[in-house]
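Enquirer:
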Ligand code: ADP
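Numbering (this note's numbering), first residue to last: 19 to 414.
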C-alpha cells in the first residue's frame, strides 16, 4: 500500500508517495504559485524529473494534477490510484484540541476549522488540501498530523506566559510550539541509534532550518520548546527575530511612528539572519561572507550560535540530566562549523564534540567524542516519513 503525504500551503502543495512496507519515497513533487497566473509543478519519480508549467487556479486543480501525474503511463509511479491506501496531511496548528494525530471525519474537520485562526497563514491552506483529497480520492482515509501535537505534553509551568491568567482562559494564549513532527522523529531516531529505550532518555532536539526551534524531550515527551504562541520567538531564524524585548516594539509604535503592519513585517520577514547581516537569510551566504572576512556576517553567525547555546543550557537545567543533543534540518544537518561553535566550551554540561567526526553534512552519525558524557548526534529529519507512519497507524 502507498501513502500520499500532503503538505498544503497557501500557494503551494508539497507531496510524497511513500511505500508502507519499504518506507521508500516512490514519487515526490511540489506545486507552486497556486492561484497565480503562472503555475509550476515539479515532479520526481524513478530517478527522472519533470517540470510542468501551467496555471493552477486552486488546490483542487492542483491535486488533480498530482493524481493524474502519478498514474501517467510514462512518468507515473503508480498503475492506479487504488494503490493509495491513505492520505496523511501536515496541519500546522492543532490548538489544545488536538493532542495527537487524528483520523479525519466531519467532526474533526469542524474542529480543524475552529482552531484555524490560530495559524491564519497555514491552517486554512492545510484544510484546503484535506478537502481536495476528500473530494478527489473518495473512500480513501485521511489523517491529520499536527506540528503542535508533540508539544501538548508540556507541563503548564512551561507553557504559560506570566501574563494575566485570563488571556489563557479566554483566548488560549499560551506556548504551543511547532516543528513537533521533526522533533519527535529525531528524538525517536536518537533513541534507536543509541540503542536505549526513549523512555529512559533526556534529549535536546535542535531543529535549525529556515524556521528554528529547540525542544527538551524527557522520556520521549516534549516538556519545553522555544517557539511559542506565534512563530517568531526563541532562536534566531532566517528572517524571524527570535526572542526580543517587546518594549522595542512598543517604542517603535509609540514614539517612532511605526504601524502594526510594519512591526509584524519586521519581526517575521526582515529580522533574523537577514536583518542582522543585511546579506542574506541563507546561512550558506552568511558563512561564505564570514570566511571571506566580513565582520557583520561573523557577528550574525555568532549571535545565531549563542542563542542555541543558551537554550541548550536552559533546557539542560529543565531536564536535570542530559543524555543527548541532536541537530537536524538544513542548518543543523549541514552547518558543521556552527555545530562546532555551539558545542564549544560546554564542558560544564559534559558535552565534548569529536571535531573530525563533526565535519560531515546530511548523514546520520554520532559526532561527540567517545569520552563525552552527552552524546551529540546529527540526524536528518524526515517529517514526511513521520506523517506516513502516523497515517498508517491510524488509517489502516
Ligand atoms: P525549511 O525550514 O525551509 O525546511 P531547511 O531545513 O531546508 O528549511 O533549512 C534551510 C537552511 O539550511 C538555510 O538557511 C540554508 O542556508 C541552510 N543550509 C543548507 N545547506 C547548508 C550548508 N551546507 N551549510 C550551512 N547551512 C546550510
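Think of the CB as a built atom: it goes at the ideal place given N, C-alpha and C, for glycine as much as any other residue.
1. Applying the criterion that 16 or more other CB atoms from any shown protein chain within 10 Å of the CB defines a buried residue, is residue 394 buried or exposed?
2. Which whole runs of the beta strand (DSSP E) in the segment 225–276 are 3 residues long or more, in chain order?
3. Please report the distance separating the alpha-carbon of residue 410 from that of residue 106.
4. Among residues of its own chain, excluding the 5 on either side of residue 300, which ones have a beta-carbon nearer than 8 Å to its beta-carbon?
5. Which one or two residues does DSSP pair with residue 33 in a beta bridge?
6. How is the beta strand (DSSP E) around residue 343 delimited, first residue to last?
7. So the candidates are 235, 282, 270 and 360; which of them puts its Cα closest to the Cα of residue 248?
8. For the beta strand (DSSP E) containing residue 61, name the first residue and the last one.
9. Following the continuous beta strand (DSSP E) through residue 203, name the residue where it begins and the one where it ends.
10. Rounded to the nearest angstrom, how far is the Cβ of residue 199 from that of residue 165, given a contact under 8 Å?
11. Counting only beta-carbon separations shorter than 8 Å, does residue 299 have a partner in chain C?
12. For residue 54, count the other beta carbons within 10 Å of its own beta carbon; 16 or more makes it buried, fewer makes it exposed. Which is it?
13. Closer than 5 Å is what we want: which residues have a beta carbon that near any heavy atom of the ligand ADP? List them in chain order.
14. Assess, as a yes-or-no matter, whether the segment 116–132 is touched by the segment 44–52 under the definition of 3 or more beta carbon pairs within less than 8 Å.
15. Cα separation between residue 206 and residue 212?
16. What does the alpha-carbon distance come out to for the pair residue 314 and residue 307?
17. Residues in its own chain within less than 8 Å of residue 378 by CB, not counting five upstream and five downstream?
18. Return the Cβ separation of residue 147 and residue 232 in integer angstroms, given the expectation that the two are a contact with Cβ distance under 8 Å.
19. Just the Cα atoms here: how many angstroms apart are residue 234 and residue 271?
20. Are the Cβ atoms of residue 111 and residue 77 separated by less than 8 Å?
21. Between residue 221 and the rest of its own chain, which residues show a CB-CB distance below 7 Å, the 5 nearest in sequence each way excluded?
22. From the DSSP output, in three-state form, read off residue 144 for me.
23. So is residue 329 buried or exposed if we call it buried at 16+ other beta carbons inside 10 Å?
24. Using DSSP's beta-bridge definition, name the partner residues of residue 40.
25. State the CB to CB distance for the pair residue 259 and residue 240, rounded to an integer number of angstroms; the pair is presumed to be in contact (CB under 8 Å).
26. Between which two residues does the beta strand (DSSP E) harbouring residue 68 extend?
27. Just to confirm the assignment, what range does the alpha helix (DSSP H) spanning residue 176 have?
28. First and last residue of the beta strand (DSSP E) that includes residue 108?
29. Taking 8 Å as the cut-off, decide whether the C-beta atoms of residue 159 and residue 104 are in contact.
30. Return the residue from the list 405, 369 and 348 that minimises the CA-CA distance to residue 398.
31. Going by beta carbon distance, what residues of the same chain come within less than 8 Å of residue 98, once the five residues before and after it are set aside?
32. CA-CA distance, residue 63 and residue 96?
Expert: In brief:
1. Here residue 394 is taken as the residue at index 376 of the chain shown, counted from 1. Classification for residue 394: buried.
2. 230–236 and 239–243
3. Walking along the chain shown from the start, residue 410 turns up at place 392. Walking along the chain shown from the start, residue 106 turns up at place 88. When rounded, the distance between both Cα atoms is 9 Å.
4. Residue mapping note: residue 300 aligns to position 282 of the chain shown, counting from 1. The residues are 256 and 291.
5. Working through the chain shown from its first residue, we reach residue 33 at position 15. In the DSSP output, where bridge partners are listed per residue, residue 33 has 24 and 47.
6. Counting from one through the chain shown, the residue named residue 343 turns up at place 325. Taken as a continuous stretch (DSSP letters only), the beta strand (DSSP E) holding residue 343 covers 342–346.
7. As a working mapping, residue 248 is identified with position 230 in the chain shown. Residue 282 is the option with its Cα nearest to residue 248.
8. Here the question's residue 61 lines up with position 43 in the chain shown. From DSSP, the beta strand (DSSP E) with residue 61 extends over 58–63.
9. By 1-based counting over the chain shown, the position of residue 203 is 185. Premise fails: residue 203 lies in the alpha helix (DSSP H), 198–212, not in any beta strand (DSSP E).
10. Looking up residue 199 in the chain shown gives position 181. Looking up residue 165 in the chain shown gives position 147. Contact holds; Cβ gap of about 6 Å.
11. Of the protein chains in the structure, only one exists, and it is not chain C.
12. Taking the first residue of the chain shown as 1, we reach residue 54 at position 36. By the 10 Å Cβ count, residue 54 comes out exposed.
13. 227, 228, 229, 300, 301, 302, 347, 348, 349, 352 and 353
14. Counting C-beta pairs closer than 8 Å gives fewer than three between the segment 44–52 and the segment 116–132, which falls short of the contact rule.
15. Here the question's residue 206 lines up with position 188 in the chain shown. Here the question's residue 212 lines up with position 194 in the chain shown. Each residue's Cα considered, the two are about 10 Å apart.
16. Position 296 of the chain shown holds residue 314. Position 289 of the chain shown holds residue 307. The straight-line gap from Cα to Cα measures roughly 9 Å.
17. As a first step, residue 378 must be located in the chain shown, where it is residue number 360. Only 354, 385 and 396 meet the Cβ criterion.
18. Indexing the chain shown from 1 puts residue 147 at position 129. Indexing the chain shown from 1 puts residue 232 at position 214. Wrong, their Cβ atoms sit about 28 Å apart, outside the cutoff.
19. The residue given as residue 234 occupies position 216 in the chain shown. The residue given as residue 271 occupies position 253 in the chain shown. Taking the straight line joining both Cα atoms gives about 35 Å.
20. To locate residue 111, count along the chain shown from 1; it is residue 93. To locate residue 77, count along the chain shown from 1; it is residue 59. Contact: no.
21. Counting from 1 along the chain shown, the entry for residue 221 is found at position 203. In chain order, 205, 208, 235, 341, 342 and 344 place their CB closer than 7 Å to the CB of residue 221, counting only its own chain and leaving out the 5 sequence neighbours on each side.
22. Mapped onto the chain shown, residue 144 falls at position 126. Correct three-state label for residue 144: helix.
23. Residue 329 sits at position 311 when you count from the first residue of the chain shown. Classification for residue 329: buried.
24. Here residue 40 refers to the residue found at position 22 of the chain shown. Answer is none; residue 40 lacks a bridge partner.
25. What you label residue 259 is simply residue 241 of the chain shown in a count that begins at 1. What you label residue 240 is simply residue 222 of the chain shown in a count that begins at 1. The beta carbons of residue 259 and residue 240 sit about 23 Å from each other, so the pair does not count as a contact at 8 Å.
26. By 1-based counting over the chain shown, the position of residue 68 is 50. Here the beta strand (DSSP E) through residue 68 covers 66–71.
27. As a first step, residue 176 must be located in the chain shown, where it is residue number 158. Unbroken alpha helix (DSSP H) run through residue 176: 174–177.
28. The residue labelled residue 108 in the question sits at position 90 within the chain shown. Where residue 108 is concerned, the enclosing beta strand (DSSP E) stretches over 102–109.
29. Translated into positions along the chain shown, residue 159 becomes position 141. Translated into positions along the chain shown, residue 104 becomes position 86. Yes, the Cβ-Cβ distance between residue 159 and residue 104 is below 8 Å.
30. Locating residue 398 in the chain shown gives position 380, counting from the first residue. Looking at the Cα atoms, 348 is the closest of the given residues.
31. On the chain shown, residue 98 is found 80 positions in, with the first residue counted as 1. Apart from the 5 residues on each side of it in sequence, residue 98 sits with its Cβ closer than 8 Å to the Cβ of 89 in its chain, given in chain order.
32. The count along the chain shown starts at 1 and reaches residue 63 at position 45. The count along the chain shown starts at 1 and reaches residue 96 at position 78. Using only the alpha carbons, I get a separation of about 10 Å.
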